[in-house]
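Engineer:
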Amino acid sequence: MREVMVQYLQHRLLKWFDENQRIFPWREDRATKYQQIVSEILLQRTKAETVAKYYDTFFFKFPDWNALANASLEELEEIMKPLGLYRHRARRLYKLGEDIRRRGGRIPGNENELRDSGFIGLYVTNAFELFILRNRKPLLDVNMSRLLKRYFKPGDFIDVRHDKEIQELANDIIEVRRCKELNWAILDYAALVCKSRNPLCGECVLNKHCKYYGLSQGDVTEEPE
Numbered sequence: 007m008r009e010v011m012v013q014y015l016q017h018r019l020l021k022w023f024d025e026n027q028r029i030f031p032w033r034e035d036r037a038t039k040y041q042q043i044v045s046e047i048l049l050q051r052t053k054a055e056t057v058a059k060y061y062d063t064f065f066f067k068f069p070d071w072n073a074l075a076n077a078s079l080e081e082l083e084e085i086m087k088p089l090g091l092y093r094h095r096a097r098r099l100y101k102l103g104e105d106i107r108r109r110g111g112r113i114p115g116n117e118n119e120l121r122d123s124g125f126i127g128l129y130v131t132n133a134f135e136l137f138i139l140r141n142r143k144p145l146l147d148v149n150m151s152r153l154l155k156r157y158f159k160p161g162d163f164i165d166v167r168h169d170k171e172i173q174e175l176a177n178d179i180i181e182v183r184r185c186k187e188l189n190w191a192i193l194d195y196a197a198l199v200c201k202s203r204n205p206l207c208g209e210c211v212l213n214k215h216c217k218y219y220g221l222s223q224g225d226v227t228e229e230p231e
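In terms of this note's numbering, the sequence shown opens at residue 7 and continues consecutively.
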């Protein structure tokens, strides 16, 4: 049953994405790898629409890895203020800059170097593997976790850093040729349809197999294996 659910989700969300995807500058073909990675840091705990408005401001001042590597913590804190959590974001970016300086301006070129780098946290590390190393990795955050949890096994939410079951599910889900697009599809769908509050279950393209929707309709079935 789980394999059927996985394939259904992959097919339906990619089809939905082709027709309904959100347009952001870090997703454009012209976006550099640097812009993609830094954008993922800016996107954490912040709406994508907010980051999109701020995108040009940040990358005008810090256009590449070298500019970030030479930025002071104070400069980063100042430019991060409009996004909120500015000290936290600034420290993460500064640590990345330190790592780039330590490597003589070079970014990690393989998984071993990545593990020793300043790319902190599951989400950003996965983003680096996805965009730079071109490995199939999930952009697993609270939004992706919510969608997968509802679809496969509704229950209490656990911090994704400690939820091994959701991490395993996410890695299984993105094992497709269009891995990058499926990641974006899940994030867009979680933002627009499978929302944290008042999800649009009646309009959902996944509700045929969704456990959360089934429970809301009084359909109690076995959990997928």
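Don't be surprised by glycine CBs; every beta carbon is placed ideally from N, CA and C.
Computed from a predicted model, the values in this text were never measured in an experiment.
In chain order, which continuous runs of the alpha helix (DSSP H) of length 4 or greater are located wholly inside the region 13-100?
Structural biologist: Within the region 13-100, complete alpha helix (DSSP H) segments of at least 4 residues are found at 39-49, 54-67, 71-75, 79-86, given in chain order.
Engineer: Where Lys214 and Ala197 are concerned, what is the direct C-alpha to C-alpha distance, given to the nearest angstrom?
Structural biologist: Position 208 of the sequence shown holds residue 214. Position 191 of the sequence shown holds residue 197. Answer to the nearest angstrom: the Cα atoms are 20 angstroms apart.
Engineer: Given a threshold of 16 other Cβ atoms within 10 Å of its Cβ, counted over all protein chains shown, does Gln41 qualify as buried or as exposed?
Structural biologist: Position 35 of the sequence shown holds residue 41. With 16 or more other Cβ atoms within 10 Å, it is buried.
Engineer: Taking all protein chains shown into account, do 16 or more other C-beta atoms lie within 10 angstroms of the C-beta of Lys217, making it buried, or fewer, making it exposed?
Structural biologist: Position 211 of the sequence shown, counting from 1, holds the residue named residue 217. Around the beta carbon of Lys217, a 10 Å sphere encloses 16 or more other beta carbons of the protein chains shown; the residue is thus reported as buried.
Engineer: Let me confirm a value: Gln16 is counted as buried when at least 16 other C-beta atoms fall within 10 Å, else exposed. Which label applies?
Structural biologist: Locating residue 16 in the sequence shown gives position 10, where the first residue counts as 1. Classification of Gln16: buried, given that the 10 Å Cβ count is 16 or more.
Engineer: At what residue ranges does the region 107-148 contain a whole run of the alpha helix (DSSP H), taking only runs of 4 or more?
Structural biologist: 117-121, 128-137
Engineer: Measure how close the beta-carbons of Gln173 and Leu139 come, nearest whole angstrom, since I'm counting them as under 8 angstroms.
Structural biologist: Numbered from its first residue, the sequence shown carries residue 173 at position 167. Numbered from its first residue, the sequence shown carries residue 139 at position 133. Their Cβ separation, rounded to whole angstroms, is 18 angstroms, which puts Gln173 and Leu139 out of contact at 8 angstroms.
Engineer: Please report the straight-line C-alpha distance between Asn132 and Tyr219, rounded to a whole angstrom.
Structural biologist: As a position in the sequence shown, residue 132 is number 126, starting the count at 1. As a position in the sequence shown, residue 219 is number 213, starting the count at 1. Cα to Cα, Asn132 sits roughly 30 angstroms from Tyr219.
Engineer: CA-CA distance, Asn177 and Phe66?
Structural biologist: Walking along the sequence shown from the start, residue 177 turns up at place 171. Walking along the sequence shown from the start, residue 66 turns up at place 60. Asn177 and Phe66: Cα-Cα distance of roughly 35 angstroms.
Engineer: For a test of the three-state rule: what should DSSP assign to Ile192, helix, strand or coil?
Structural biologist: Here residue 192 is taken as the residue at index 186 of the sequence shown, counted from 1. Three-state DSSP puts Ile192 in a helix.
Engineer: Shortest alpha-carbon distance to Thr52 belongs to which of Arg121, Met7, Leu206, Leu193?
Structural biologist: Counted from its first residue, the sequence shown places residue 52 at position 46. Shortest Cα-Cα distance from Thr52 to any of Arg121, Met7, Leu206, Leu193 involves Leu193.
Engineer: Considering Cα atoms alone, identify which of Val148, Asn204, Gln13, Arg112 is closest to Leu128.
Structural biologist: In the sequence shown, residue 128 corresponds to position 122, counting from 1. For Leu128, the nearest C-alpha among the options comes from Val148.
Engineer: Under a three-way DSSP split, which group does Met4 fall into?
Structural biologist: Since the first residue shown for the chain is 7 and the last is 231, residue 4 is missing from the structure and cannot be characterised.
Engineer: Does DSSP put Ile179 in a helix, in a strand, or in coil?
Structural biologist: Numbered from its first residue, the sequence shown carries residue 179 at position 173. In the structure shown, Ile179 falls within a helical segment according to DSSP collapsed to helix, strand and coil.
Engineer: Report the three-state DSSP secondary structure of Pro230 (helix, strand or coil).
Structural biologist: Here the question's residue 230 lines up with position 224 in the sequence shown. Only weak support is given to the placement of Pro230: the predicted model assigns it a pLDDT of 46, under 50, and the value that follows is read from those uncertain coordinates. Of the three classes helix, strand and coil, the one that applies to Pro230 here is coil, per DSSP.
Engineer: How would you write the range of the alpha helix (DSSP H) that Leu221 sits in, first residue to last?
Structural biologist: Residue numbering aside, residue 221 sits at position 215 when the sequence shown is read from its first letter. Here the alpha helix (DSSP H) through Leu221 covers 217-222.
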